[in-house]
Amino acid sequence: FEVGRNYPIIPGVLAFAVHPSREYTALQIERNPDLFFNSSMEPESYRNYCSDFGPVDLGLVVQFCRQLRTLLHDPRLRGRPVIYYSQLDEAFCTNTAFLLGAYLVLVERWSPEAAAAPLERIEPSPFKMFRD
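My numbering numbers the first residue of the sequence shown as -5 and each following residue consecutively.
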């Protein structure tokens, strides 16, 4: 696993990355005008009950899926892959992966196994297991 590396989810369309800081993201935007970097507050919006960290609730899943679908179909971004980035935090990375997987299953109609595959290839994994 490399901080800043773009891991393809839908090749040429959508990738996942982890950025260590806002400054790093700003530098990537400046250096890569052919890419569109995007993030949101959904992965960080989980309200924990105890010492858990997610997954986020169904309302946030729906909101995320709608926003990402709109972004990926925006004609102004035609030809520019979207890099969906997360903060360098295991819980945020895990919730981001959950949301990206949910998008692939619910909107793109991928099987759960196909949706998990691109993220499972990231080694070592930046994700941690959910706990109840």
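Beta carbons: idealized from backbone N, C-alpha and C, even for Gly.
- Between E(-4) and the set P27, L82 and T88, the nearest pair of CA atoms involves L82.
- Per DSSP, S33 has no beta bridge partner at all.
- Exposure of H67 is indicated by the presence of fewer than 16 other C-beta atoms within 10 angstroms of its C-beta.
- Of the residues assessed, P112 falls on the buried side of the cut-off, its CB having 16 or more other CB atoms within 10 angstroms.
- In this structure, H13 sits near Y79, with a CB-CB distance shorter than 8 Å.
- Counting other Cβ atoms within 10 Å of its Cβ, V7 stays below 16 and is therefore classed as exposed.
- Restricting attention to L21, L93, E17 and F86, the CA atom closest to the CA of P106 is found in L93.
- When beta bridges are read from the DSSP output, Y1 appears opposite F10.
- DSSP assignment within the stretch 99 to 123 yields the following whole alpha helix (DSSP H) runs of 4 residues or more, N-terminal first: 106 to 114.
- Judged by DSSP secondary structure, E24 falls within the alpha helix (DSSP H) whose first and last residues are R16 to R25.
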